[in-house]
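S.K.:
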Amino acid sequence: MSKTQFLEMILKLAGFENIKVELDRIDTGVEYQGSGERKVGEETEVIEFQAMGFECAVGNLLGILYDTVDIDFEANAAILFEH
């Protein structure tokens, strides 16, 4: 599994769709950017993250998800891996 696929999986487990994760190689390292959407009632919630380096991207994404309400990783994982 690549690093971008790992970040995508975290978003999938959090219940997000329309996921995009990209990386750009620049002089100082690798910059990761990503986004996803999920339905919350009638509204669409959008999440975006950006960080230099894989470890920082994972930390940034998990920090954002920690502050996001109503994410059920266990139920999402059961649905995702049931197929």
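All you need for the working numbering is the position in the sequence shown, starting with 1, plus 31.
Ideal Cβ placement from N, Cα and C applies to all residues, glycine included.
The structure displayed is predicted, hence computed values, not measured ones.
(1) Classify glycine 46 as buried or exposed, calling it buried when 16 or more other Cβ atoms lie within 10 Å of its own Cβ.
(2) For glycine 60, which residues does DSSP report across the bridge?
(3) What's the C-alpha gap between valine 33 and glycine 65?
(4) Who are glutamate 7's beta bridge partners in DSSP?
(5) Kindly list the residues whose CB is nearer than 7 Å to the CB of lysine 51, restricted to its own chain and excluding five residues on each side of it in sequence; keep chain order.
(6) Restricting to runs no shorter than 4 residues, where is the alpha helix (DSSP H) found entirely within the region 66 to 112?
(7) DSSP beta-bridge partners for lysine 51?
(8) In whole angstroms, give me the CA-to-CA distance for aspartate 58 and glycine 72.
M.R.: Taking the structure as given:
(1) buried
(2) Ile57
(3) Here residue 33 turns out to be serine, not valine, going by the sequence shown. C-alpha separation (whole angstroms): 15 Å.
(4) Coverage of the chain is limited to positions 32 through 114, which leaves residue 7 absent and any answer about it impossible.
(5) Gly65 and Ser66
(6) 85 to 97
(7) Ser66
(8) 43 Å
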